[in-house]
Amino acid sequence: MEAEAKYTYVGIALIALIAALVTGVVWLNRTGSRGDFNHYTIYFERQQLDGLQMGADVDMRGIKIGRVEDYDLLAEKINRVRVTIRTDRRAPVRTNTVAIVIRNFVTGIARISLITPEPAGPPLVEVTGDQQYPVIAEGESSFDAIAGKVGRIGDIAVETLENINLLLTPDNRAQITASIVNLRELTAGLNQRVKDLDTSLAAFNGAATQVGRASATIAQVAEKTGNDIAPAIKQADQTLKDVSAAAFALEKQTSALARTFSDAASTTDEQLTVAVGELRSTVEAMTRLLDQLRDPRAALLGPGKAQRGPGE
Numbered sequence: 002m003e004a005e006a007k008y009t010y011v012g013i014a015l016i017a018l019i020a021a022l023v024t025g026v027v028w029l030n031r032t033g034s035r036g037d038f039n040h041y042t043i044y045f046e047r048q049q050l051d052g053l054q055m056g057a058d059v060d061m062r063g064i065k066i067g068r069v070e071d072y073d074l075l076a077e078k079i080n081r082v083r084v085t086i087r088t089d090r091r092a093p094v095r096t097n098t099v100a101i102v103i104r105n106f107v108t109g110i111a112r113i114s115l116i117t118p119e120p121a122g123p124p125l126v127e128v129t130g131d132q133q134y135p136v137i138a139e140g141e142s143s144f145d146a147i148a149g150k151v152g153r154i155g156d157i158a159v160e161t162l163e164n165i166n167l168l169l170t171p172d173n174r175a176q177i178t179a180s181i182v183n184l185r186e187l188t189a190g191l192n193q194r195v196k197d198l199d200t201s202l203a204a205f206n207g208a209a210t211q212v213g214r215a216s217a218t219i220a221q222v223a224e225k226t227g228n229d230i231a232p233a234i235k236q237a238d239q240t241l242k243d244v245s246a247a248a249f250a251l252e253k254q255t256s257a258l259a260r261t262f263s264d265a266a267s268t269t270d271e272q273l274t275v276a277v278g279e280l281r282s283t284v285e286a287m288t289r290l291l292d293q294l295r296d297p298r299a300a301l302l303g304p305g306k307a308q309r310g311p312g313e
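In my numbering, the protein residues as written are 2 to 313.
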């Protein structure tokens, strides 16, 4: 009986020890994990979650800081997925931290990467509304952005090819070919016109050069003529002055004679008056001749625009 009692006590002690061990393990799993890890909720709506599984890695700047604990498809928004992650309590998750999905090109396994832009905000600890954990905002994956742009470029390329196919119908190809032929003929005609124009411009330049040379020659001749005729003009001017003085003296004498013999010789007076008039006309003609000789260029080439002619 005593041996059986001892075995009974040993069995009871062993059962108690096993129960204590199980209780301690469960307690450590519940209390210890909660103290060493932080839990967050992420709502993904724009990014694809292909390859994201339970237990997938969660990293920050390439360092693993946690894993995916759970995910759930929301009934109210079919394109929205709620993902619960667990991170090391030392991981610096901030209020401006965003989550993006990064996928391995070879294996296709996805992971969640947490990115905190500068400057970093305060630690994310606040639980809002009816949420169970703090919510990390969804970011924008650069790969998804590039893929979206490539997809849009592909759509544009397909649409462009369709438009080109519509453009290159047999009738349109014939019209385009005819237009190209007409354009080639027009270009050839324009080239010929340009050559003719160059020839005309060359001829015009030659004529302008000859006119310039002739003008220079005429100017030299006029200048030389002016230099040669200057002494003659001076002599003519002196002669005119002498003639004018003689005419003035003759006029005075004629006037005196006319007054003296006015009563006795009326016929003689009329003849003298006519002679005086003719003498005045001669003086005026010589004066005009002297004016022309003073400007030899005008005498050879005619009066300029600013010079008036006789009687103007």
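Ideal Cβ placement from N, Cα and C applies to all residues, glycine included.
Inter-residue spacing [alpha-carbon to alpha-carbon] between F45 and V99: 11 Å
Burial state of Q54, where buried means 16 or more other Cβ atoms lie within 10 Å: exposed
The segment 84-94 touching the segment 117-126, judged by at least three CB pairs closer than 8 Å: Contact between the segment 84-94 and the segment 117-126 is present, because at least three Cβ pairs lie under 8 Å.
Buried or exposed by the 16-neighbour rule on C-beta atoms within 10 Å, applied to L198: L198 should be labelled exposed.
Three-state secondary structure (DSSP) of Y10: helix
For I66, the first and last residue of its enclosing beta strand (DSSP E): I64 to L74
CB contact flag (I137, I16, <8 Å): no
Cα-Cα separation between G109 and D51, rounded to whole angstroms: 8 Å
Alpha helix (DSSP H) segments (min. 4 residues) lying fully within the segment 89-142: Runs of the alpha helix (DSSP H) lying entirely within the segment 89-142 and spanning at least 4 residues: none are present.
Exposure label - L115; buried when at least 16 CB within 10 Å: buried
Sequence-distant residues of its chain with Cβ nearer than 8 Å to V82 (five each side left out): Y44, F45, E46, L50, Y72, D73, L74 and L75
Beta-ladder partner(s) of F38, from DSSP: D89
Beta-carbon separation (whole angstroms), I86 vs V59, contact threshold 8 Å: 5 Å
Spatial distance of A307 from K253 (CA atoms): In this prediction, A307 has a pLDDT of 49, which is less than 50 and means its spatial position is unreliable; what the coordinates show is noted afterwards. Going by the C-alpha atoms only, they are around 38 Å apart.
Cβ distance (whole Å) where I101 is taken to contact G140 below 8 Å: 4 Å
M2, DSSP secondary structure in three states: Note that M2 has pLDDT 47, beneath the 50 cutoff, so the model's placement of it is unreliable and no number is given.
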